[in-house]
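Peer 1: Have a look at the structure that comes next, please.
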Amino acid sequence: MSRPILAYIDQAALKHNLSITRQYATDARIMAVIKANAYGHGLMYAAHALQGADGFALLELDAAIDLRNAGYKHPILLLEGFFSTQELALFEKYRLTAVIHHAEQVAMLSNCRHRELNIFLKINTGMNRLGFPVEHFPAVFERLTRNPAITDITIMSHFATADEAKENDNFKQQLRLFNQVTQTGALSPRIQNSGRYHSLANSAAIIRYPETHRDWVRPGLMLYGASPFINQSAADLGLEPAMMLTSKIIAIQHLKKGDKVGYGCSFQADKSMRIGIVACGYADGYPRHAPTGTPVLINNRRCRLIGKVSMDMLTVDITEAVDVQLNSPVILWGKGLPVEEIAHHAGTVSYELLCAVSKRVKIAVNHERTPIDPASGAQRPSCTSTVDR
Ligand SMILES: *Cc1c(COP(=O)(O)O)cnc(C)c1O
């Protein structure tokens, strides 16, 4: 038997989450964000399950080309655009859409002899990461509308705090600036007409701020079934986790009072204990900062992680869980144990945990809806194929 850790990807959950996204944003087109190997879910599995979306967005040019070569006809948006004129040629060849956020890209576009490029032009409304400053935006826009290589311009921006307190000042300020630049005459009427498509909303804004939906929404996290909010769970939002990170107990130790566990001996038994060693560590993507007390699901029971997470293993307290034995299946996160909870314990966000699942963790997919019930002892889903990432 090979090492038992596995990321089980539920394509039906991905489809379900896409349909929930449509319910939140009924009038917008959906650009499914599948960057970072589809947040760790496997690019091609996610794209297959999310083919009902109206477009795909990512940052990796090779992955975008793979998608095109696999036959996807959707608009494919590269969220950081192109980095050289050589890359720009590939955008034309593979009919990719570029986010244009920097003057250098505008210059590369003026020298290019390509045709029929679609672009998303990014305004910096306060995130201060990518995008043209509000003051320069109308001039850049005007210049690009005169560029014969460009067919279609969608105006976009990105929120820094859509997931924080509702209607927070920063969010309101960003939206106000966007509206000012795009709607209130800062652009000439002719230009306004050619930039009539807008794109603003990530998952948090899709759920919370319908006024941001406009023409294209850009959901990422919610498609994978995690909540962007601290005070609302994915289940509250109607979402289902698409990844289940599973492994098994590969050894059991019996501790006496005073015995210590793992590197640094940071955990010490205050009574006799039975502990299980799980084949999952930080080299698999499990967070090393998850402290003692972080929940691990075994036989539908929440056991607590104890001691330090090491590179390849972690340790759980199974003193009370008498039914747990060698080879018992373990759920690190997934249905019944939201990844958001693990992220919270580890002082990070679910985004980081999902996309950190490492290459050595194989992905298993089922193409049918086979219900996985953690209550049934976390059986491995039956009709799966296991593949490398
Ligand atoms: C990653 C990303 C998204 C998706 O954000 P979520 O919070 O995962 O929904 C949307 N837009 C841009 C520009 C992004 O980089």
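Residue numbers 6 to 394, in this note's numbering, belong to the letters of the sequence shown in order.
Glycine is no exception: its CB is placed at the ideal position from the N, C-alpha and C atoms.
1) Return the chain-ordered ranges of every beta strand (DSSP E) run that is complete within the stretch 126-211 and spans a minimum of 3 residues.
2) Does the stretch 262-280 touch the stretch 343-350, meaning 3 or more C-beta pairs lie closer than 8 Å?
3) Check whether the Cβ atoms of residue 324 and residue 282 sit closer than 7 Å, and answer yes or no.
4) May I have the straight-line CA-CA distance separating residue 38 from residue 333, to the nearest angstrom?
5) From what residue to what residue does the alpha helix (DSSP H) around residue 253 run?
6) Going by DSSP, which residues form a beta bridge with residue 290?
7) Check whether the stretch 253-265 and the stretch 198-216 are in contact - that is, three or more C-beta pairs closer than 8 Å.
8) Along the beta strand (DSSP E) that carries residue 13, what are the first and last residues, could you check?
9) What's the call for residue 5, buried or exposed, on a 16-neighbour Cβ count within 10 Å?
10) Which one of 343, 258, 176 has the shortest CA to CA distance from residue 300?
11) Would DSSP call residue 386 helix, strand or coil?
12) Decide if residue 98 is buried, meaning its Cβ has at least 16 other Cβ atoms within 10 Å, or exposed.
13) Classify residue 4 as buried or exposed, calling it buried when 16 or more other Cβ atoms lie within 10 Å of its own Cβ.
14) How long is the line joining the alpha carbons of residue 263 and residue 307, rounded to whole angstroms?
15) Leaving out the 5 sequence neighbours to the left and right, which residues in its chain are closer than 6 Å to residue 4 when beta-carbon positions are compared?
16) Could you have a look at residue 376 and say whether DSSP puts it in helix, strand or coil?
17) To the nearest angstrom, how far is it from the Cα of residue 305 to the Cα of residue 339?
18) May I have a chain-ordered list of the beta strand (DSSP E) segments no shorter than 3 residues that lie completely inside the stretch 321-364?
19) Can you tell me the Cα-Cα spacing of residue 55 and residue 20, whole angstroms?
20) Does ligand 1 have a heavy atom nearer than 6 Å to the CB of residue 38?
21) At a cut-off of 6 Å, is residue 225 close to ligand 1 when judged by its beta-carbon and the heavy atoms of the ligand?
22) Please indicate yes or no: does the CB of residue 163 lie closer than 6 Å to some heavy atom of ligand 1?
23) To the nearest angstrom, how far is the alpha carbon of residue 7 from that of residue 249?
24) Mind checking residue 138: buried by the 16 CB within 10 Å criterion, or exposed?
25) Rounding to the nearest angstrom, what Cα-Cα distance links residue 10 and residue 290 in this structure?
26) Skipping 5 residues on each side, what residues in its chain have a beta carbon closer than 7 Å to that of residue 329?
27) Exposed or buried, what is residue 127 when buried is set at 16 or more other beta-carbons lying within 10 Å of its beta-carbon?
28) In angstroms with no decimal places, state the Cα-to-Cα distance between residue 315 and residue 294.
29) Can you check which of these residues, 32, 87, 58, 12, is closest to residue 224 by C-alpha distance?
30) Apart from the five residues on each side of it in sequence, which residues of its chain come closer than 6 Å, Cβ to Cβ, to residue 136?
31) Closest by CA to residue 277, which one among 259, 292, 288?
32) Using only the alpha-carbon positions, how far apart do residue 369 and residue 266 sit?
33) Heavy atom of ligand 1 less than 6 Å from the Cβ of residue 173, yes or no?
34) State buried or exposed for residue 387, treating a residue as buried only when at least 16 other CB atoms are found within 10 Å of its CB.
35) Let me check you understand the geometry: is the CB of residue 207 closer than 6 Å to at least one non-hydrogen atom of ligand 1?
Peer 2: Answer, in terms of the structure:
1) 155-161, 202-204
2) Counting C-beta pairs closer than 8 Å gives fewer than three between the stretch 343-350 and the stretch 262-280, which falls short of the contact rule.
3) no
4) Those two C-alpha atoms are separated by around 35 Å.
5) Annotation: residue 253 is outside any alpha helix (DSSP H); the continuous beta strand (DSSP E) that includes it extends over 248-260.
6) By DSSP's assignment, residue 290 forms no beta bridge with any residue.
7) no
8) 11-15
9) There is simply no residue 5 to check, as the chain begins at 6 and stops at 394 in what is shown.
10) 343
11) Model confidence at residue 386 stands at a pLDDT of 45, short of 50, so the residue's coordinates are unreliable; what they give is reported in the following sentence. Of the three classes helix, strand and coil, the one that applies to residue 386 here is coil, per DSSP.
12) exposed
13) Nothing can be reported for residue 4: it is not among the residues displayed for the chain, which extend from 6 to 394.
14) 24 Å
15) The structure shown does not extend to residue 4, since the chain is modelled only from 6 through 394, so no value can be given for it.
16) Reliability fails at residue 376, whose pLDDT of 44 lies under 50, so the model's placement of it is uncertain and the value that follows must be treated cautiously. Correct three-state label for residue 376: coil.
17) Distance from the CA atom of residue 305 to the CA atom of residue 339, rounded to whole angstroms, is 12 Å.
18) Runs found: 334-338.
19) 6 Å
20) yes
21) yes
22) yes
23) About 18 Å.
24) Here residue 138 is exposed, its C-beta having fewer than 16 other C-beta atoms within 10 Å.
25) 11 Å
26) 254, 281, 303, 304, 323
27) Buried: at least 16 other Cβ atoms inside 10 Å.
28) 10 Å
29) 58
30) 106, 127, 128, 129
31) For residue 277, the nearest C-alpha among the options comes from 259.
32) 32 Å
33) no
34) Residue placement at residue 387 cannot be trusted, given a pLDDT of 43 that sits under 50; the coordinates are not used to answer.
35) Answer for residue 207: yes, Cβ within range of ligand 1.
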